[in-house]
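Inspection log for the structure reproduced underneath, given as structure tokens.
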Amino acid sequence: MKSIPLVGADGIDNALSFAALIGCTTALLIAVNPHWYGDATWYAIAIHSGELLPLDAGHLLWRPVGAFAVSVATLFSFSLDPLLALQIISAFSTVLSSIFLYEIAIALQLKAAPAIPVAYLLSHFSLVYGGSGSSYSTSVMFHLLAVKWCLQSEATSKARTIVFCGIASALSLSFWGLGILGIPLLMAIPFVSWKNSIQTKFMYSMAIPFSAMSLFGATLIIGFLTTESNTTFANFFVWLRSSGHGIPAELSLLNLLRAPLGLIQSVLYLGDLGTALKSFISGGGNQYGPVLPIVLLVSFFLYFGGVFILQWNGIVSSKLFLLFIASLAPSFLFGALWQGSDIERFCFVLPYFLLLLADLSARSFLKGYLSVIPAIAFCLWNFTSIAVTYEQDHEELITEIAKQTTLSAPPKSIFVVTGQDFGPRIWAPLHYLTGHTFYSLLYDSQVEGVAGWQNRLEQTIKQHLEAGGKPYVLDSLYSVKPESPKPTLTEADNHPSEGDIAMFFHHSNGGQKIVAKRYHFRELAYRDSRNRQQDNSNKRTFDINE
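Right, here's the structure in full:
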């Protein structure tokens, strides 16, 4: 397969066309992003307020790079919104990832190589996080760049390969600490691709991660010394652990079940299947009835079984199969320990799954151009299902909530919500758009633990009152009867029970009401716990404008 010339008269036209294609694809990823910004809203708020410190150990360079992009735009008298700046970087990184993945497919001599970048761009991970402003896609991009250089190193100096791969891998880790999950695959490449002696392969497989970790370690130490005034060794590990938001890693049955689901959902959009399965396991019943996602889930497992059978029979490329296992093993182990159902956990596996899909298609009964059919079907499913099943009025909903809360509530108010009725796709953007705080009880309990949630909420409300804001509560948080004994999904997830929440917010009629489409907020009449009687269970309570 010949490369496209980018020099000379024809090369200029090709380069311009190529740049236009990259630009259009970047814009498309931003346009189709379903308001799933992840941590980008927090970084955008910090950049907007000029707060570059403290640096996040898990995403060390993300905030500085976003701030640099905004500063460069300012030099050219162009006002660039910080969130949009982060979105542009993440979307551009996703497009570059697809290009690097294509070059990797060419290096591996895969016949269905042209279908792979398209499949990557239309995967669930790329459509949700590609234009989100989160650092995941940038981390994956530098990882794939390192893999590309490593695979193409037969014609270049091995020493230069170590340096280049080390720099790219260190950047991958600096944008997202979990880039370390891609290191084992880099260590496997010399064994499956290079034609040197076993001693040379072993030496380089050790030298590449050593180079990467040395560079990243130096960057991490500089970030720590810049961020923390207490530079003790013990505080260094406290700073590292802070990137986990207080969520403990534990091996449990639920995490073991979440890991394969997260792997599949990084590739395919499965709707509410995760919530439905979690509800079924916890005894809350299945209120979603996800028939088609379950069919896809079973089909995916059958596909994996088929891959292993074909590998056993020598049909699947052993080289590619080993690369896939090298990418899957560390990500699956980590997913089984920590939030395995989150689709970004397996973003370092996704490229090699697509390479395996292309290779399997080309080696099976589908020959020539027919080998792209599975990838095309996969792309069409993701794009159409996400476009149809993500809420059609989602953007209008966020705009309406932002409008009503801005008009009706004083600045720096707090809106207490629940993750089940008011998820992060809604409250995270509203943080940035309104300047208010949308306080999710489920997110707080996930990060800080259930114990002490009443104290944390009360202190947060007091801080907003002192700043001139007012507290508001989502109706559903106090509409449940306190004596309700029914276990809920939130209880099964180790979150505050509906009964405890209802006890905390004593229901009462009256008070200012803010209505934004299907969501109703009511002003909370605050009284300090020292000046009000506590109930028999010693739980704090609030009254809605008594």
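Residue numbers (this note's numbering): 655 to 1200.
Here a beta-carbon is modelled for each residue, glycine too, at the ideal position from N, C-alpha and C.
- Close CB contacts of L1128 within its chain, under the 8 Å cut and outside five residues either way in sequence, are with F1069, V1070, V1071, T1072, D1075, F1076, Y1173, H1174 and F1175 (chain order).
- In this chain, I997 is not harboured by any beta strand (DSSP E), its DSSP state being neither H nor E.
- Along the length of the segment 1053-1119, whole beta strand (DSSP E) runs at least 3 residues long occupy 1068-1071 and 1091-1094, reported in chain order.
- In the displayed model, L799 falls within a helix according to three-state DSSP.
- Under the three-state reduction of DSSP output, I901 falls in the coil class, being neither helix nor strand.
- The segment 742-749 makes no contact with the segment 989-999, as fewer than three CB pairs between them are under 8 Å.
- For T695, the closest alpha carbon among the candidates N1109, T679, H1118 and P736 is that of P736.
- With a cutoff of 7 Å on beta-carbon distance, L755 and P984 are scored as not near each other.
- The beta carbon of L715 sits closer than 6 Å to the beta carbons of S828 and F829 from its chain, once the five residues preceding and following it are set aside; these are given in chain order.
- In the three-state reduction of the DSSP assignment, H689 falls in the coil class, being assigned neither a helical nor a strand state.
- In terms of CA proximity to S981, I834 leads the group I834, M857 and M860.
- Y1173 is bridged by DSSP to A1170.
- In this structure, E1177 lies away from Y1093, with their beta-carbon atoms at least 7 Å apart.
- Setting aside the 5 residues that flank it on each side, Y858 is surrounded in the same chain by K812, T815, I816, P844, W848 and N850, each with a C-beta closer than 8 Å to its C-beta; the list follows chain order.
- Beyond the five residues adjoining it in sequence on each side, I1155 comes within less than 6 Å, by CB distance, of L1131 in the same chain, given in chain order.
- Between S752 and L781, the C-beta gap is not smaller than 7 Å, which leaves the two residues out of contact.
- Runs of the alpha helix (DSSP H) lying entirely within the segment 704-784 and spanning at least 4 residues, in chain order: 716-729, 736-761, 769-775 and 778-783.
- For H1149, same chain residues with a beta-carbon under 6 Å away, outside a window of 5 residues either side, are L1096 and S1099 in chain order.
- Annotation: the continuous beta strand (DSSP E) that includes L1128 extends over P1125 to L1128.
- Taking W992 as the centre and dropping the five residues before and after it, the same chain places the C-beta of A903 closer than 6 Å to its C-beta, in chain order.
- Less than 7 Å separates the beta-carbon of V749 from that of T679.
- Looking at the backbone, the Cα of I852 and that of L974 are separated by about 19 Å.
- Closest option to F891, judged by alpha-carbon separation, among Q806, F878 and G1103: F878.
- Taking 7 Å as the cut-off, the Cβ atoms of A685 and S1015 do not count as close.
- Between Q1117 and L1008, the alpha-carbon positions lie close to 49 Å from each other.
- In the structure shown, Q853 falls within a helical segment according to DSSP collapsed to helix, strand and coil.
- Straight through space, the alpha carbons of L907 and W893 are spaced by roughly 29 Å.
- The residue among S972, S1067, I979 and G712 with its C-alpha nearest the C-alpha of V1003 is I979.
- Cβ neighbours of L707 within its own chain (closer than 6 Å, five residues either side excluded): T881.
- For I834, no alpha helix (DSSP H) encloses it, and the DSSP letter there is neither H nor E.
- Around the C-beta of M860, fewer than 16 other C-beta atoms lie within 10 Å, and the residue is accordingly described as exposed.
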